[in-house]
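Novice: Residue numbers (numbering that gives the first Met the number 0), protein chains in the order written: chain A, 0 to 161; chain B, 0 to 161.
Protein chains: 2
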Amino acid sequence: MSHDLREGETALPFDPAETATGPRVTFIGRIRSPWQPGDAPRNVSRARETGCEYARIELEPAYIPGLTGLEAGRQIILLYWTDRGRRDLILQRPSHLDGPRGTFVLRSPVRPNPIAMATVRITGLDTNNGIVEIDAIDCYDNTPLLDIKPWIRAVDAPHLPD
Amino acid sequence: MSHDLREGETALPFDPAETATGPRVTFIGRIRSPWQPGDAPRNVSRARETGCEYARIELEPAYIPGLTGLEAGRQIILLYWTDRGRRDLILQRPSHLDGPRGTFVLRSPVRPNPIAMATVRITGLDTNNGIVEIDAIDCYDNTPLLDIKPWIRAVDAPHLPD
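#1: Name, going along the chain, the residues of the region 24–39 of chain B whose beta-carbon falls closer than 8 Å to a beta-carbon of chain A.
#2: Restricting to Cα atoms, I'd like to know which of B/Met116, B/Asp97 and B/Arg110 is closest to B/Asp14.
#3: What first and last residue would you give for the alpha helix (DSSP H) that runs through B/Pro15?
#4: If we cut at 8 Å on Cβ distances, does B/Ile130 have a partner in chain A?
#5: Relative to chain D, which residues along the region 54–72 of chain A have a C-beta separation below 8 Å, given in chain order?
#6: What beta strand (DSSP E) runs, 3 residues minimum, are completely inside the region 115–142 of chain B?
#7: Pop quiz: A/Arg55 and A/Arg83 are said to be a contact at Cβ under 8 Å. What is the actual Cβ separation, rounded to whole angstroms?
#8: Using a Cβ-Cβ distance cut-off of 8 Å, determine whether B/His158 contacts chain A.
#9: By how many angstroms is the C-alpha of A/Phe103 removed from the C-alpha of A/Asp87?
#10: If you run the structure through DSSP and keep just helix, strand and coil, what is A/Ala10?
#11: So which residues on chain A does B/Gly50 lean against when the C-beta distance must stay under 8 Å?
#12: Classify A/Thr25: buried if its beta carbon has 16 or more other beta carbons within 10 angstroms, exposed otherwise.
#13: Just checking: is the beta-carbon of A/Gly101 within a distance shorter than 8 Å of some beta-carbon in chain B?
#14: Could you name the residues of chain A that B/Leu90 contacts, counting a contact when the two beta carbons are closer than 8 Å?
#15: Any idea if B/Asp125 is buried or exposed, counting beta-carbon neighbours within 10 angstroms, 16 or more meaning buried?
#16: Around the Cβ of B/Ala71, are there at least 16 other Cβ atoms within 10 angstroms (buried) or fewer (exposed)?
#17: May I ask you to list, following chain order, the residues of the region 0–20 of chain B that have a beta carbon less than 9 Å from some beta carbon of chain A?
#18: So B/Tyr79 and B/Pro157 are in contact, right, with Cβ under 8 Å, and what is the actual spacing, rounded?
#19: Could you give the DSSP three-state label for B/Asp155: helix, strand or coil?
#20: For A/Glu6, I'd like the list of residues in its chain whose CB is within less than 8 Å of its CB, leaving aside the five on either flank, ordered along the chain.
#21: Check whether chain B comes within 8 Å of A/Ile121, counting only Cβ atoms and requiring the distance to be less than that.
#22: Whether or not the region 32–41 of chain B and the region 113–121 of chain A are in contact is what I'm after, with contact meaning three or more pairs of Cβ atoms, one per stretch, closer than 8 Å; do they touch?
#23: Here's a check: name, in chain order, each residue in its chain whose Cβ is nearer than 6 Å to the Cβ of B/Pro166, leaving out the five neighbours to either side.
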């Protein structure tokens, strides 16, 4: 696959979308949102600011028992596969920055493994049907979901040196 | 593959390790740690408490330019593939809990997509050789690395309702 580069951008000498040899992920469900390519907010905080509250997870039936013990009000981390972007950029120049940055310094959905994440709050639960309503999300409608994790301070909050 | 279950545990009717049809991940490097199966701490906080400071990332050469702009002292999120565990448990009973919980309520490395994550601090950088030293990590030595992301408050910190 051939792609354009902006000035200062650098591509890998291979495209992980074609050459990756690691294990396959499985999509456990989809994220539903109001966003389509062209109108998605830049991150989950911006999504909250829009006031648009349509944001939910629809789990595949086999995975529904995995919700056992989840509760509304809880903070969770979603991992999702941003499947519309390329995977071969290692230096990028997002339009809101003045110059190129390494992919691992950015939260761009364009990365070797296009796994995005956001911390969100559960606002409603329908465990019979595998629906988890959340306070906001930044991704396109129908983005594939990889994982749901409870947010845990000891693991997820920055730890400052003594 | 056949696996044992503890009382109260439930497996999926299929094993994602064999049936997953999603895209393949690519391993961008390895996490080096002092831990082997049997002696790994339960999470990154416990790892810090051991006082053991050997924890680093070794990137594959092609991905090294992706570090451009990273700095020591910065908080980053690591995503890593916990490749030693099964992927088919949807209700689990970890030994430190009194009963079974859904996989998505746990941080167990056993999950449909065995992607673990921790927020860590960069303590040293050798960008020529793709080495990122970090303050601690909980995974086994040589665990495959999927991604490095900058920790960003607006995306990663819990957001409480007004």
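Glycine residues also receive a C-beta, built at the ideal position from the N, C-alpha and C atoms.
Specialist: This is what the structure holds:
#1: For the region 24–39 of chain B, the beta-carbon criterion of a distance under 8 Å to any beta-carbon of chain A is satisfied by Val24, Thr25, Phe26 and Ile27.
#2: The shortest C-alpha separation from B/Asp14 is found at B/Arg110.
#3: Following the DSSP letters along the chain, one finds B/Pro15 inside the alpha helix (DSSP H) bounded by residues Pro15 to Thr18.
#4: By this cut-off, B/Ile130 is not an interface position.
#5: Given the protein chain composition of this structure (A and B), no chain D is represented.
#6: Correct list: 130–133.
#7: About 20 Å separates the two Cβ atoms, so there is no contact after all.
#8: So, interface residue.
#9: A/Asp87 and A/Phe103 have their C-alpha atoms some 13 Å from each other.
#10: A/Ala10: strand per DSSP, three-state reduction.
#11: Under the 8 Å cutoff, chain A gives no residues; its nearest Cβ is about 11 Å from B/Gly50.
#12: By the C-beta density criterion, A/Thr25 is buried, having at least 16 other C-beta atoms within 10 angstroms.
#13: Chain B contact via Cβ: present.
#14: Near B/Leu90 (Cβ distances below 8 Å), the residues of chain A are Pro64, Gly65 and Thr67.
#15: Only exposed fits B/Asp125, as fewer than 16 other CB atoms lie within 10 angstroms of its CB.
#16: B/Ala71 should be labelled exposed.
#17: Cβ contacts with chain A: Thr9, Leu11, Pro12, Phe13, Pro15, Ala16, Thr18, Ala19 and Thr20.
#18: Cβ-Cβ separation between B/Tyr79 and B/Pro157: approximately 23 Å, too far for a contact (criterion under 8 Å).
#19: Reduced to three states, the DSSP call for B/Asp155 is helix.
#20: Arg92.
#21: Not one chain B Cβ lies under 8 Å of A/Ile121.
#22: Segments in contact, no.
#23: Past the edges of chain B, shown from 0 to 161, lies residue 166 of chain B, and the structure says nothing about it.
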